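Residue numbers (the numbering used here): 3 to 91.
Here it is, written out as C-alpha cells:
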C-alpha cells in the first residue's frame, strides 16, 4: 500500500512502480469512480463502445441476405461434411 499526499490543487502523484505496472504513460486518460469510502482509478477505454450492427459490414459477404433456414441448412451441411471427413481419418 502506498501513501500519497494531496496537493493544494487537489493533485496526487501516482508512484512510478504503479504507473509502470499498469503501462500508464504521460497523457494516459484515467477514470476515477467514487464508491463511497473508496476511489477507483482505471485507464479510460481506448476505443469507443461498438455495437454488433457497427461491425456487420466487415464480414466480406456481399450477396443477398440469408434467411435463418438457409443459415441452418448451411451449418447442417458443414457439420455433416466435417463428421464424414473426421470418421474417415
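Every residue gets a Cβ at the ideal spot worked out from N, C-alpha and C, and that includes glycine. All of these numbers come straight from a predicted model, not from anything done at the bench.
query: Among residues of its own chain, excluding the 5 on either side of residue 33, which ones have a beta-carbon nearer than 7 Å to its beta-carbon?
result: So the list reads 44 and 46, once near-sequence residues are dropped.
- prompt: So, helix, strand or coil for residue 20, using DSSP?
  reply: Judged by DSSP in its simplified three-state form, residue 20 adopts helix.
message: For a test of the three-state rule: what should DSSP assign to residue 36, helix, strand or coil?
response: Looking at residue 36 - three-state DSSP - the assignment turns out to be strand.
Separation of residue 48 from residue 79, as counted between CA atoms: Cα to Cα, residue 79 sits roughly 41 Å from residue 48.
- prompt: Taking the alpha helix (DSSP H) that residue 43 falls in, what are its first and last residues?
  reply: Membership of residue 43 in any alpha helix (DSSP H) is not indicated; the residue belongs instead to the beta strand (DSSP E) covering 41-45.
- prompt: For residue 14, which of helix, strand or coil comes out of DSSP?
  reply: Residue state, collapsed to three classes: coil.
task: Go ahead and pull the three-state DSSP assignment for residue 3.
output: Looking at residue 3 - three-state DSSP - the assignment turns out to be coil, as it is neither helix nor strand.
- request: Name the two residues that bound the continuous alpha helix (DSSP H) containing residue 55.
  value: Bounds of the alpha helix (DSSP H) holding residue 55 are 54-57.
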